[in-house]
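Colleague: Pasting a structure here, questions to come.
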Amino acid sequence: MTIAVILVSMMIGKYAEMIAITIMIFYIYSLAWSLVANTGMISLGHALFFALGSYAYGIFSLIYGINMISALFIGPIIGALAGLAVGFIAGRLRDWYIGMFTFALTPAGYALAVSDQLKPWTGGAVGFAPPAFSLSMSIWLPFSALLAFATYMIVFTIQNSRMGFALSAINDDEVAAATIGINTRLYKIIIFGISGYLSALAGAMFVSMYSRYISPEFFGYPDVSYNLWPIFYSIIGGMGTPEGVLLGTIILDPLTELARTVIGGPLALVTFGVLLAVVIIKTPGGIYGYVIKYFEAKSQMR
Amino acid sequence: MNLLNVSNVVKRFGGLVALNGVSVQVDRHELVGIIGPNGAGKTTLVNVIMGIYYPDSGRMMFNGRDITRMPPHRRVKLGISRTYQVPRPFSNMRVLDNVAVAAMHGAKELSVGEARGIARDILERVRLADKANLYPLSLSVTELRKLELARALAQGTKLVFLDEASAGLTGDELREILSVIEKIHDEGITIVMIEHVMKVIFNIAEKIVVMVNGEKLAEGKPTEISSDARVIESYLGRRWASV
Amino acid sequence: MKIMAVFLLQHLGPLLIWGLVTSSVYLLMATGLTLIFGTLRLVNFAHGDLIVLSAFITFLLTTNMNLNPFIALIPAMFVVMTVGVAIYRFGFKPIYGISKVSEILMTIGISYIIENAMAYYFLPVYRTSVEIPSPVGGGGVVLPGNVLMTYDMLETIVVSWVLMIILYYWLYRTGQGIAIRALSQNPVGASISGVDVGRLSYVIFLVGSALAAVAGALYGILYTFWPYNGIILTLMAFSVMILGGVGSIPGTMIASLVMGYAVNFASYYLGGCWGEAISFIILALVLLVRPSGIFRGG
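Residue numbers (numbering that gives the first Met the number 0), protein chains in the order written: chain A, 0 to 301; chain B, 0 to 242; chain C, 0 to 297.
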């Protein structure tokens, strides 16, 4: 598989390679969001973890001089801790309240990042550039692909473990889950912690291998985009399944890049909002659900 | 020693007193029936014993341990479980996994493989093995009730509350469920049945508790209850009159 | 003693007045949200965007056509109410009651659409933030203690609290209002007893959007704004709504006063960015301690 990735990266151009890297990064981010969503909690503030990961990576490597590869994996621990704290509160709340609470996290994180008190570390509203990533550029794509695959394996392992069964039960019926002996609150906190780590990892990767600059807009505020990409990719792709999320990321991420760089302007972003609304109303299973249905219908006709 | 000892439990919702100082004892291997009209507080009692709500006052002991303010999942580990009047299966899981997930998180912590093995045995015991790979959506009411029972059993439970397990069933379905219940009871599990149809319970229960308006009205052997003047007047009488 | 008195006059006086002004704006912003959530169990995340939309339309009509902001508010209100009803009809109604997850995702999608549509339409023209000119041409009165109260601040306080009195009268004294309160307490019971829930839902979204429109114009007169202001306004409204207890008008009144003063004092003594931070801290604390709200009567 690694060989195939290297071959592909040699054949396609630099620009395509960069897009392929963002696909890997946002696949990790979207999978992380889906982990929480599939436990029945719709988080509207995952950009907090994404941004914390990128800031932690930058601060650890620039100010504390930690080896960059280590910083890439140690930094997201901050995201995990934030995830545990958010899960501690969100685990007690129901549907809408989780949405409102998590939505409030992103401006709060932004306010902290630009505050005078933290400016020496965060660079305030301007942000800062961490040192160039120490890994050779030619292996960024295989490296990020490896991390994406590792994340997929983590999600797969969770889904097929005792914990995965518990999470699935909580998603279906939380009260019934508690009455068969599942510590619902604890599992919700843990899954938020894991999701926080993976989102933060995506944030750190985004800085080290794509943007090479850290800015407070990563908190998804005032423009909510960083907050919403994982939601768009997961929901439009097909929530619940890692395959659907992959499909959504592969199809939509290049379009996002196009919207951001080529077309430019917010009008392109409006179409993402409309697409999300249409998918929610028409095909709640997303693109992947549609594909599955299509093949099932086809096999039945035979 | 009693297996379960509920003493003077009070539960209020706003101004409404749902349980007004209820005391109930259940012995090991007993089959107890709790009866009463709708709104008598039977289901609230089960919810309080399971830990869905904490009581405002009163105490609950299970197997010698105080469970009054213990979270629900820890009570399950001690060996208390329940079924729901309206079955609450996990609709996105196959029948087998519905039972397996209960086994995993019951009295013993089991791995997925072990839990599935136990789940297969239990589905066999409640005569639901042929439906193991279906989703709960395609089960009949009787089968869903059996699934609820199977989940409770999978937890390695000592005491199980059956909330209206016979409601809405007639003839063969009713006999099927009752035979499964009696079979479980014979295997050594203590059972508390909550019913408002009394014919069922008078035949199989060893002890009957009558609840009216959040209070315990009477308690005793089925024969004593059916001849108790207060019960006849306030519950049987009214019920009979309304039929 | 004398130092204390000087301090009170120079700092506390303006803070007290600004606290009241801010509270009045929060009150208008949160009432529309709490009315919708309290009855239909929907949180309109685009509520803040509707407020900004109203401010922008009022601003455009005022600057381009020389209308008085209060006159310009009328067409702005009409547009915002239309958008509000469209959100309900085309966004929520097709999925209402099917799954909470879909509703939550839908509301964030709608907010994203409106926000970026505004950014597309308004940003190329007004790249920086803008402010609506005063409807009475500025000026104000100096209150005892040398505290300046501009007419714009005064009209904000008056408009907001008068609207609350009207709203209170509507909810507690008219048949329609009583039907809405019945709906908020028991949706099933209300529909059984002959309340036309479908029609009432439109009324609720109309009134909620109208309140957002008024809040938008007043906000635009007092503060500067730009297309991405919606999030912060929505969140302020959340904080007030949660603190006051969902669906409770008296609770919302008390909560908006608490929040208005908390924000002003925090930003004065701790620094600008703490003003908003304090409202999120309050939101998180309330959700942690008592998710049903602090001032909810019961």
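C-beta atoms are modelled at their ideal positions from N, C-alpha and C, and glycine is treated no differently.
These figures come from a predicted structure and were not determined experimentally.
Taking the beta carbon of Gly297 (chain C) as the centre, do at least 16 other beta carbons fall within 10 Å, making it buried, or is it exposed?
Modeller: With a pLDDT of 35 at Gly297 (chain C), under the threshold of 50, the predicted position of this residue should be treated as unreliable, and no value is reported.
Colleague: Of the choices C:Asn145, C:Glu102, C:Ile109, C:Thr61, whose alpha-carbon is the least far from that of Leu14 (chain C)?
Modeller: C:Asn145
Colleague: Look up Gly122 (chain A) in the DSSP assignment and say whether it is helix, strand or coil.
Modeller: coil
Colleague: Can you tell me which of B:Gln24, B:His28, B:Ala153, B:Gly20 puts its alpha carbon nearest to the alpha carbon of Ala39 (chain B)?
Modeller: Closest option to Ala39 (chain B), judged by alpha-carbon separation, among B:Gln24, B:His28, B:Ala153, B:Gly20: B:Gly20.
Colleague: Would DSSP call Phe371 (chain C) helix, strand or coil?
Modeller: Not covered by the structure: residue 371 (chain C). The range shown for chain C is 0 to 297.
Colleague: Give the straight-line distance between the Cα atoms of Leu185 (chain A) and Ile193 (chain A), rounded to the nearest whole angstrom.
Modeller: 12 Å
Colleague: Taking a cut of 9 Å between CB atoms, which residues from the region 149 to 183 of chain A lie near chain B?
Modeller: Asn159, Ser160, Arg161, Gly163, Phe164, Ala165, Ser167, Ala168, Asn170, Asp171, Asp172, Val174, Ala175, Ala176, Ala177, Thr178, Ile179, Gly180, Ile181, Asn182, Thr183
Colleague: Here's the rule I'm using: 16 or more other beta-carbon atoms within 10 Å means buried, otherwise exposed. How should Trp239 (chain B) be labelled?
Modeller: Unreliable placement is indicated for Trp239 (chain B), whose pLDDT of 48 sits below 50; no coordinate value is reported for it.
Colleague: Can you tell which of B:Phe61, B:Val75, B:Asn62, B:Ile66 has the C-alpha that lies nearest to the C-alpha of Tyr53 (chain B)?
Modeller: B:Ile66
Colleague: Exposed or buried, what is Ser241 (chain B) when buried is set at 16 or more other beta-carbons lying within 10 Å of its beta-carbon?
Modeller: Note that Ser241 (chain B) scores a pLDDT of 42, beneath 50, so its modelled location is shaky and nothing firm can be said.
Colleague: Check whether the Cβ atoms of Arg180 (chain C) and Leu166 (chain C) sit closer than 8 Å, and answer yes or no.
Modeller: For Arg180 (chain C) and Leu166 (chain C), no; Cβs fall outside 8 Å.
Colleague: Quickly, what does DSSP pair His104 (chain B) with across the bridge? List them, please.
Modeller: B:Glu108
Colleague: Which residue wins for smallest C-alpha separation from Glu173 (chain A), given the options A:Phe294, A:Glu295, A:Gly90?
Modeller: A:Gly90
Colleague: From Leu266 (chain A) to Ile112 (chain C), what distance separates their C-alpha atoms?
Modeller: 9 Å
Colleague: For Asn4 (chain B), which beta-bridge partners are listed by DSSP?
Modeller: B:Gln24, B:Met60
Colleague: Would you report the Cα separation of Arg93 (chain A) and Ala228 (chain B), rounded to the nearest angstrom?
Modeller: 48 Å
Colleague: Taking 8 Å as the cut-off, decide whether the C-beta atoms of Thr222 (chain B) and Glu175 (chain B) are in contact.
Modeller: no
Colleague: According to DSSP, is Leu43 (chain A) helix, strand or coil?
Modeller: coil
Colleague: Measuring straight from C-alpha to C-alpha, what distance separates Gly219 (chain A) and Gly138 (chain C)?
Modeller: 39 Å
Colleague: Taking a contact to mean a Cβ-Cβ separation below 8 Å, would you say Ile121 (chain B) touches Val159 (chain B) in this structure?
Modeller: no
Colleague: Tell me whether Asn19 (chain B) sits in a helix, a strand or coil according to DSSP, three-state version.
Modeller: strand
Colleague: Among the candidates C:Ile253, C:Phe55, C:Tyr87, whose CA atom is the shortest distance from the CA of Arg198 (chain C)?
Modeller: C:Tyr87
Colleague: Between the region 128 to 145 of chain A and the region 54 to 64 of chain A, are three or more C-beta pairs nearer than 8 Å?
Modeller: Contact between the region 128 to 145 of chain A and the region 54 to 64 of chain A is present, because at least three Cβ pairs lie under 8 Å.
Colleague: Go through the region 132 to 181 of chain A residue by residue and report every complete run of the alpha helix (DSSP H) that reaches 4 residues or more, in order.
Modeller: 139 to 158, 161 to 171, 173 to 178
Colleague: From Leu26 (chain C) to Leu32 (chain C), what does the alpha carbon distance come to, in whole angstroms?
Modeller: 10 Å
Colleague: Name the chain A residues that come within less than 8 Å of Asn91 (chain B), Cβ to Cβ?
Modeller: Ser167, Asn170, Asp171, listed in chain order.
Colleague: Between Tyr287 (chain A) and Lys281 (chain A), what straight-line distance do the alpha-carbon atoms span, to the nearest angstrom?
Modeller: Those two C-alpha atoms are separated by around 13 Å.
Colleague: Please report the straight-line C-alpha distance between Leu210 (chain C) and Thr105 (chain A), rounded to a whole angstrom.
Modeller: 26 Å
Colleague: Helix, strand or coil for Glu186 (chain B) per DSSP?
Modeller: DSSP, read as helix, strand or coil, puts Glu186 (chain B) in coil.
Colleague: Suppose you measure from the CA of Asn226 (chain A) to the CA of Gly116 (chain B); what does that come to, to the nearest Å?
Modeller: 43 Å
Colleague: Where do the ends of the alpha helix (DSSP H) carrying Arg198 (chain C) lie?
Modeller: 196 to 221
Colleague: With contact counted as at least three CB pairs below 8 Å, one residue from each stretch, are the region 29 to 44 of chain B and the region 139 to 154 of chain B in contact?
Modeller: In this structure the region 29 to 44 of chain B does not touch the region 139 to 154 of chain B; the number of beta carbon pairs closer than 8 Å is below three.
Colleague: So Met238 (chain A) is in the alpha helix (DSSP H); what residue range does that whole segment cover?
Modeller: No alpha helix (DSSP H) holds Met238 (chain A); DSSP gives it neither H nor E.
Colleague: The region 124 to 154 of chain B: which residues have C-beta closer than 7 Å to a C-beta of chain A, in chain order?
Modeller: Arg150, Gln154
Colleague: Applying a beta-carbon distance threshold of less than 7 Å, which residues of chain A neighbour Pro93 (chain C)?
Modeller: Ile280
Colleague: Just checking: is the beta-carbon of Trp95 (chain A) within a distance shorter than 8 Å of some beta-carbon in chain C?
Modeller: yes
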